[in-house]
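Since the structure comes first, as structure tokens, the remarks are kept for the end.
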Amino acid sequence: MKNEKKYVKFALVREMMETPGIIRNFKSTNANDVSEQIKQTGKLFFTGEGSGRIFPAKNAIAQARKAGLDITLETEGAY
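Residue numbers (the working numbering): 269 to 347.
Shown next, in the form of structure tokens:
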């Protein structure tokens with residue numbers, strides 16, 4: 269998608285354009301505290317709206333089940 273005025277006036281498009289930089293700068297070590305808390309509780313709830321939640325959450329749940337992880341993963345959105 270081109271970074272043109274007719275596109276970037278929409279927040280969704282601007283957020284999509286920011287994604288490569290966010291991924292590039294992501295430091296997995298920053299997630300260590302969170303992953304430890306998830307291990308301790310044994311639960312994780314994914315929330316959000318639309319495909320930004322549905323696809324990643326459903327994928328994480330499926331992968332965890334395939335791997336036999338001892339963790340409860342759930343997802344839900346607003347009605």
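Think of the CB as a built atom: it goes at the ideal place given N, C-alpha and C, for glycine as much as any other residue.
CB contact flag (residue i, residue j, <9 Å)
i, j, result
"G310", "T343", "no"
"G336", "T315", "no"
Contacts around residue i, its chain only, beta-carbon distance under 6 Å, and the 5 residues preceding and following it disregarded
i, result
"L312", "I306 and L341"
"S296", "none"
"Q308", "none"
Residues of its chain near residue i, where Cβ-Cβ distance is below 8 Å and the 5 sequence neighbours each way are ignored
i, result
"A332", "I339 and L341"
Exposed unless 16 or more other CB atoms sit within 10 angstroms - verdict on residue i
i, result
"A299", "exposed"
"A325", "buried"
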